[in-house]
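Below is one structure, written out as structure tokens, with a few remarks after it.
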Amino acid sequence: IENKIDDYNKQLSKADEDKKEQIRKEIDKQNQRKEKYNQLEKQLKESGESQVSTSDPESRQMIVRNNITEVAYNVQTTVDAENNIPIDYKVTNTNDSKAMGGMLQRAKTILGSNKFTALYDKGYHTGTEFEAADNLDIDVLVAIPTVAANAPNPEYNVEHFTYDKESDCYICPQGKEMTTTGKWHFAKTYRFKRYTTKACKTCPVKPECSKAKYGKAIQRSEYMELINRNKERIEKNKDYYRRRQAIVEHPYGTIKRQWRFSYVSTKKGKQRASADVGFMFIAYNLRRIMNIVGKNALRKYLEVLILSVSRIYRPIRFKISLFKAINLLKKNLTSFFERSLNWFKFDQNLLNMEGF
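For the record, in the sequence shown the residue sitting at position 349 is 377 according to the numbering used here, with numbers rising by one throughout.
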């Protein structure tokens with residue numbers, strides 16, 4: 029913008045009188061753009077955020093697939109493994125790394141128990157979240173991220189060094205002790221101790237173990253014990269963990285590919301985006317429940333639900349058909365969800381049920 033303003037000013041000094049007015053208009057336009065971006069910069073500094081979207085201030089640029097980024101929201105979903113039914117969701121504008129603890133807490137509240145095992149992909153592999161799961165006494169199986177080889181010879185990668193908890197030291201493949209001063213160092217989201225040994229200087233296999241001038245150094249996270257427990261659970265339950273993708277793929281495969289819900293229709297805020305996503309899951313769950321229990325059983329469940337709601341909203345003295353039950357359910361939901369374009373898709377998916 030500054031360069032354009034400079035160029036226009038140079039043109040203005042050389043232009044004929046009849047062209048100066050048009051150039052001044054262009055300069056004014058660029059100054060307005062400059063002011064707009066100055067305001068956005070000020071907003072970023074005041075909020076402490078690293079980015080802002082001009083179309084939807086609460087959305088963020090995220091990696092959606094294969095390092096492709098889009099301005100988007102992230103939907104965290106907890107899916108029941110037995111029937112592939114989403115029991116909880118939350119629309120966020122952050123990545124997966126800090127989501128697991130909150131998801132587990134909500135699942136525990138919904139189920140009224142912590143006697144379940146939760147499966148997650150590697151995006152959720154974060155020390156603080158393992159601590160949250162441990163505090164809730166919930167077993168988790170979180171995929172282990174691939175770590176780049178950090179030794180010239182893979183046989184000397186960190187996993188081949190043995191940690192002695194009692195002595196708080198590592199034993200290297202050559203049998204040498206690596207010790208720590210006990211000092212905690214600080215990374216962005218966790219603390220760690222550093223382990224080294226003077227034996228590296230004269231070690232015959234140093235070129236295979238480390239390229240560092242002073243030899244090998246191991247950083248041990250304060251959450252390493254919890255991380256190792258997760259690794260042990262993964263190794264003991266490999267077949268169990270393989271079910272994760274199939275469990276979560278069922279609702280998302282149906283919603284995104286079969287029903288083509290690949291975006292939300294509303295803008296301007298997480299609350300409205302959450303309403304859109306909520307309607308997607310309502311439609312999916314109704315279809316899924318009908319497939320599991322049958323149309324007649326679903327009708328009875330909905331009648332009980334609507335009759336319960338009617339005690340608050342209005343008396344109902346006649347038998348409610350499935351169609352009326354759905355419409356009343358939708359009507360009552362409007363007090364929680366703002367009407368959006370996805371109502372139409374919601375209606376269409378319900379109309380595809382038998383018996384309408």
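Beta carbons are placed, not taken as given, at the ideal position from N, Cα and C, and that holds for glycine.
Please name the residue in the options whose C-alpha comes closest to that of residue i.
{"i": "E183", "options": "G210, G130, S238, K216", "result": "S238"}
{"i": "Y11", "options": "N123, D108, V107", "result": "Nothing can be reported for residue 11, as the shown portion of the chain is limited to 29 through 384."}
{"i": "G243", "options": "K264, T224, L147, S290", "result": "T224"}
{"i": "T174", "options": "V80, E187, L326", "result": "E187"}
{"i": "K53", "options": "K216, L40, K296, S83", "result": "L40"}
{"i": "N204", "options": "K73, A215, K234", "result": "Per the sequence shown, the amino acid found at residue 204 is Lys instead of Asn. Answer by Cα proximity: K234."}
{"i": "V119", "options": "K298, K64, F309, M318", "result": "K298"}
{"i": "S195", "options": "P201, Q202, G210", "result": "G210"}
{"i": "R261", "options": "R316, I166, E30", "result": "I166"}
{"i": "R248", "options": "K264, K193, N142", "result": "K193"}
May I ask you to list the residues that DSSP assigns as paired with residue i?
{"i": "H213", "result": "F220"}
{"i": "L147", "result": "L169"}
{"i": "D116", "result": "T106"}
{"i": "Q247", "result": "R222"}
{"i": "Q89", "result": "V99"}
{"i": "T190", "result": "I199"}
Rounded to whole angstroms, what is the Cα-Cα separation between residue i and residue j?
{"i": "N121", "j": "H278", "result": "24 Å"}
{"i": "D208", "j": "N185", "result": "Strictly speaking, residue 208 in this sequence is Thr, with Asp absent from that position. Each residue's Cα considered, the two are about 19 Å apart."}
{"i": "R300", "j": "D46", "result": "50 Å"}
{"i": "K48", "j": "Q60", "result": "18 Å"}
{"i": "K136", "j": "A127", "result": "15 Å"}
{"i": "C197", "j": "L254", "result": "18 Å"}
{"i": "L164", "j": "L68", "result": "41 Å"}
{"i": "I172", "j": "D149", "result": "8 Å"}
{"i": "E86", "j": "R272", "result": "30 Å"}
{"i": "K241", "j": "T230", "result": "12 Å"}
{"i": "D44", "j": "K38", "result": "12 Å"}
{"i": "E108", "j": "S290", "result": "It should be noted that the sequence gives Asp, not Glu, for residue 108. Taking the straight line joining both Cα atoms gives about 22 Å."}
{"i": "A227", "j": "K266", "result": "38 Å"}
{"i": "A274", "j": "Q286", "result": "16 Å"}
{"i": "V321", "j": "E110", "result": "14 Å"}
{"i": "R134", "j": "K284", "result": "24 Å"}
{"i": "N31", "j": "E74", "result": "27 Å"}
{"i": "V276", "j": "A215", "result": "32 Å"}
{"i": "N94", "j": "N66", "result": "33 Å"}
{"i": "R315", "j": "K64", "result": "47 Å"}
{"i": "K328", "j": "I317", "result": "12 Å"}
{"i": "V80", "j": "K264", "result": "44 Å"}
{"i": "I51", "j": "K42", "result": "11 Å"}
If I measure Cβ to Cβ from residue i and keep anything under 8 Å in the same chain, skipping five residues before and after, which residues do I get?
{"i": "W212", "result": "R219, F220, K221, E250"}
{"i": "I55", "result": "I33, Y36, N37, L40"}
{"i": "M206", "result": "F189, C197, Y198, I199, C200, Y223, T224, T225, K244, I246"}
{"i": "L326", "result": "L314, I317, M318, L350"}
Suppose the cutoff is 6 Å on Cβ atoms and the five residues either side in sequence are ignored; what does the same chain contact list for residue i look like?
{"i": "F374", "result": "The predicted model places F374 with a pLDDT of 44, which falls under 50 and marks its position as unreliable, so this point remains unresolved."}
{"i": "V292", "result": "A301, D304"}
{"i": "G151", "result": "D124"}
{"i": "R90", "result": "A quick correction: the sequence has Met, not Arg, at residue 90. The residues are A100."}
Quick one: measure Cβ to Cβ for residue i and residue j, integer angstroms, because I've assumed they're closer than 8 Å.
{"i": "E236", "j": "N181", "result": "4 Å"}
{"i": "T105", "j": "S125", "result": "About 16 Å; that fails the 8 Å criterion."}
{"i": "I138", "j": "I115", "result": "6 Å"}
{"i": "T190", "j": "L169", "result": "About 24 Å; that fails the 8 Å criterion."}
{"i": "V99", "j": "R88", "result": "7 Å"}
{"i": "T156", "j": "T217", "result": "6 Å"}
{"i": "Y280", "j": "L147", "result": "15 Å between Cβ atoms; not a contact."}
{"i": "G129", "j": "A161", "result": "7 Å"}
{"i": "K62", "j": "I29", "result": "5 Å"}
Taking 7 Å as the limit between beta carbons, can you name the residues of its chain near residue i, skipping five residues before and five after?
{"i": "E159", "result": "Y251, L254"}
{"i": "Q202", "result": "C231, V233"}
{"i": "K394", "result": "This structure leaves residue 394 out entirely; the chain is present only between 29 and 384."}
{"i": "F309", "result": "P114, Y117"}
{"i": "N142", "result": "K136, L164, D165, I166"}
{"i": "K259", "result": "I172"}
{"i": "L132", "result": "A146, A160, A161, L164, I166"}
Is residue i near the ligand NAP - that is, is its Cβ less than 7 Å away from at least one heavy atom of it?
{"i": "K239", "result": "Ligands displayed in this structure: none; no statement on the ligand NAP is therefore possible."}
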